[in-house]
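A.B. asks: Below: one structure in structure tokens.
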Amino acid sequence: MIRIPLLNLNRQYSFMKDGIDGALKRCLDHQHWILGPETAEFEAAAAAYLGARYAVAVSSGTDALVMALRALAITVKGKEYFDPSDEFLTTAFTFTATGDAILRAGGTPVFVDIDPATFNIDIDQVRGYLSSARSASQPVNQSTSQPLTPSVSRSAGVVGILPVHLFGQSCHMTDLGDLVRRYGLLMVEDGAQAFGAEWEGKKVGTFGHAGAFSFFPSKNLGCFGDGGMVVTDDGSLADTVRMLARHGGKDKYNVDHIGYNARLDTIQAAVLLEKLKYLDDFNARRRAIAATYDRELTAIGGLVLPFSHQDHVHHQYTVRVEGGRRDRLRAFLAERGVESAVYYPVCLHAMRAFQGRAKTAGPLTGAERASAEVLSLPVDPLQTTEDTDHVIRSVRQFFR
Ligand SMILES: *Cc1c(COP(=O)(O)O)cnc(C)c1O
């Protein structure tokens with residue numbers, strides 16, 4: 005019986021076994037489990053890879069988002085947390101943690117619809133909300149030639165934006181950058197699914213005041229447990245994130261802030277250092293599989309393929325199944341040994357956790373429709389041509 009999982013981590017481990025085993029062995033030998041030598045080494049390697057000045061390795065992607073936001077509250081607002089009157093625009097179609105991080109940092113998420121073609125935040129709706137009377141934001145017209153300088157120019161209203169590079173594809177960073185400058189917004193990028201993705205030759209995560217990444221095992225760069233990272237070009241922001249992750253101070257026996265114990269384990273940094281060597285190759289393999297799907301699944305009535313541009317790193321290959329047949333396709337594929345998944349079955353604005361704690365920027369029909377239609381197909385960098393062909397054959401059979 006054929007079995008094609010979304011991602012086969014056993015196969016991936018076998019593929020890089022010698023390097024990984026060597027890295028783990030070095031940790032066993034030095035026994036320096038917290039902030040050992042591999043942590044700083046990985047931060048330097050990741051910062052260099054992404055083209056960011058600073059990288060702070062932390063305990064998860066969720067913690068990276070929370071601490072990036074809190075560090076902005078501390079450095080820009082001079083307060084430990086944002087206030088509920090501080091709004092952050094973000095997408096309604098993302099992983100739970102994106103919206104939750106805004107709440108945990110004290111702010112209010114304002115959920116925005118998605119562009120149906122890219123699944124990413126609908127920039128027209130962002131623009132509409134920013135210019136509408138509902139928003140207290142006023143254009144401040146920062147010059148576009150200036151680097152982003154963190155500032156909050158109002159006491160209430162939209163203070164920031166948290167774009168998500170969903171499924172491995174960059175948001176439109178030129179348009180978002182223009183809005184951020186025009187309205188003097190803070191920007192934290194959620195790059196959890198897009199390590200290595202680019203917008204016009206620049207890596208995602210490096211456009212905003214800070215970028216957050218996740219090394220959850222299934223991500224394009226994943227470790228052997230939970231892990232994450234904050235990148236920034238701003239030294240005081242990096243220092244503040246570093247303090248927050250170490251109980252809130254430079255000296256953990258005498259702290260300045262309400263902190264966390266949220267460091268990345270040395271052993272995870274050692275694994276990531278090894279896996280980073282394979283990242284570009286693996287992302288290229290993902291792109292090649294996606295290109296095969298694009299070619300072979302085109303022009304099937306009721307099946308909408310994802311829009312991809314060349315810098316997509318295809319964390320997921322996500323199609324839309326029209327006509328209420330998504331769950332039937334999923335079951336049909338499962339019978340043929342093809343695993344698939346629904347990311348995401350429930351939009352954030354529909355979750356209980358956000359009731360009474362979040363706002364919406366307008367109608368979220370694109371996001372709602374996506375949650376009913378999306379299906380992610382296997383795009384494992386090491387899946388064989390036969391695997392990919394079997395997926396294609398099975399999808400075609402369903403629509404015949
Ligand atoms: C995975 C993910 C996160 C959270 O990362 P964890 O490491 O699991 O905490 C946040 N945002 C998005 C879009 C993600 O996919």
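Be aware that the sequence shown starts at 5, since it is given in the numbering used here, and climbs by one per residue. For each residue, glycine too, the CB sits at the ideal point set by N, CA and C.
#1: Taking its Cβ as the centre, do 16 or more other Cβ atoms sit within 10 Å of Tyr-297, making it buried, or is it exposed?
#2: Is DSSP giving Met-20 helix, strand or coil here?
#3: Count the other C-beta atoms from every protein chain shown that fall within 10 angstroms of the C-beta of Arg-397, then say buried if there are 16 or more, exposed otherwise.
#4: Within 10 Å of its beta-carbon, does Asn-265 have 16 or more other beta-carbons around it, so buried, or fewer, so exposed?
#5: Could you name the residues of the same chain whose beta carbon sits closer than 6 Å to that of Leu-189, not counting the 5 residues immediately before and after it, in chain order?
#6: Buried or exposed for Gln-320, going by 16 or more other Cβ atoms inside 10 Å?
#7: Return yes when the C-beta of Phe-403 is under 7 Å from any heavy atom of ligand 1, and no when it is not.
#8: Since Tyr-133 is in the alpha helix (DSSP H), which residue starts that stretch and which ends it?
#9: If you measure between the beta carbons of Ala-68 and Tyr-58, is that distance less than 8 Å?
#10: Is the CB-CB distance between Ala-216 and Asp-194 below 8 Å?
#11: Near Val-395, which residues of its chain fall below 7 Å by C-beta distance, leaving aside the five closest residues on each side in sequence?
#12: Pro-167: which of Gln-173, Ala-198, Thr-94, Gly-231 sits nearest, CA to CA?
#13: Are the beta-carbon atoms belonging to Ala-96 and Phe-123 less than 8 Å from one another?
#14: Report yes if the CB atom of Thr-244 is closer than 8 Å to the CB atom of Ile-78, and no otherwise.
#15: Classify Ser-147 as helix, strand or coil using the three-state DSSP reduction.
#16: For Gln-272 and Gly-229, which I take to be in contact (beta-carbon distance under 8 Å), what is that distance rounded to the nearest angstrom?
#17: With a 10 Å radius around its C-beta and 16 neighbouring C-beta atoms as the bar for buried, classify Lys-223 as buried or exposed.
#18: Could you check whether Ile-127 and Leu-73 sit closer than 8 Å to each other, using their CB atoms as the reference points?
C.D. replies: Once the coordinates are examined:
#1: For the purposes of this step, residue 297 is taken as residue 293 along the sequence shown, with counting starting at 1. With at least 16 other beta carbons inside 10 angstroms of its own, Tyr-297 counts as buried.
#2: Taking the sequence shown and counting its residues from 1, the one referred to as residue 20 is at position 16. Coil at Met-20, not helix or strand.
#3: For the purposes of this step, residue 397 is taken as the residue at position 393 of the sequence shown. Around the C-beta of Arg-397, fewer than 16 other C-beta atoms lie within 10 Å, and the residue is accordingly described as exposed.
#4: On the sequence shown, position 261 is the one that residue 265 refers to. By the neighbour-count definition (other C-beta atoms within 10 Å, threshold 16), Asn-265 is an exposed residue.
#5: Along the sequence shown, read from residue 1 onward, the residue named residue 189 stands at position 185. Exclusion of the five residues before and after Leu-189 leaves Gly-164, Ile-165 as the residues of its chain whose Cβ lies within less than 6 Å of its Cβ.
#6: Sequence index remark: in the sequence shown, residue 320 carries index 316 (1-based). By the neighbour-count criterion, in which a residue is buried when 16 or more other Cβ atoms sit within 10 angstroms of its Cβ, Gln-320 is buried.
#7: Here residue 403 is taken as the residue at index 399 of the sequence shown, counted from 1. It does not: the Cβ of Phe-403 is nowhere closer than 7 Å to a heavy atom of ligand 1.
#8: Along the sequence shown, one-based indexing puts residue 133 at 129. Per DSSP, Tyr-133 is one residue of the alpha helix (DSSP H) stretching across 127–135.
#9: As a working mapping, residue 68 is identified with position 64 in the sequence shown. As a working mapping, residue 58 is identified with position 54 in the sequence shown. No, the pair does not count as a contact, with Cβ atoms beyond the cut-off.
#10: For the purposes of this step, residue 216 is taken as residue 212 along the sequence shown, with counting starting at 1. For the purposes of this step, residue 194 is taken as residue 190 along the sequence shown, with counting starting at 1. Yes, Cβ-Cβ distance for Ala-216 and Asp-194 is below 8 Å.
#11: Your numbering for residue 395 matches position 391 in the sequence shown. Excluding positions up to five away in sequence, the list reads Ile-8, Val-342, Leu-381, Pro-382.
#12: Along the sequence shown, read from residue 1 onward, the residue named residue 167 stands at position 163. Residue nearest to Pro-167 within the set Gln-173, Ala-198, Thr-94, Gly-231 is Thr-94 (criterion: CA-CA distance).
#13: Here residue 96 refers to the residue found at position 92 of the sequence shown. Here residue 123 refers to the residue found at position 119 of the sequence shown. No, these two residues do not count as a Cβ contact at 8 Å.
#14: Position 240 of the sequence shown, counted from the first residue, corresponds to residue 244. Position 74 of the sequence shown, counted from the first residue, corresponds to residue 78. Contact: yes.
#15: Numbered from its first residue, the sequence shown carries residue 147 at position 143. Since pLDDT at Ser-147 reaches only 49, below the 50 mark, its modelled position is unreliable, and the value read off the structure follows with that caveat. Of the three classes helix, strand and coil, the one that applies to Ser-147 here is coil, per DSSP.
#16: Indexing the sequence shown from 1 puts residue 272 at position 268. Indexing the sequence shown from 1 puts residue 229 at position 225. Contact holds; Cβ gap of about 6 Å.
#17: As a first step, residue 223 is located in the sequence shown; it is residue number 219 there, counting from the start. The residue is buried, with at least 16 neighbouring Cβ atoms inside 10 Å.
#18: Counting from 1 along the sequence shown, the entry for residue 73 is found at position 69. Counting from 1 along the sequence shown, the entry for residue 127 is found at position 123. No, the pair does not count as a contact, with Cβ atoms beyond the cut-off.
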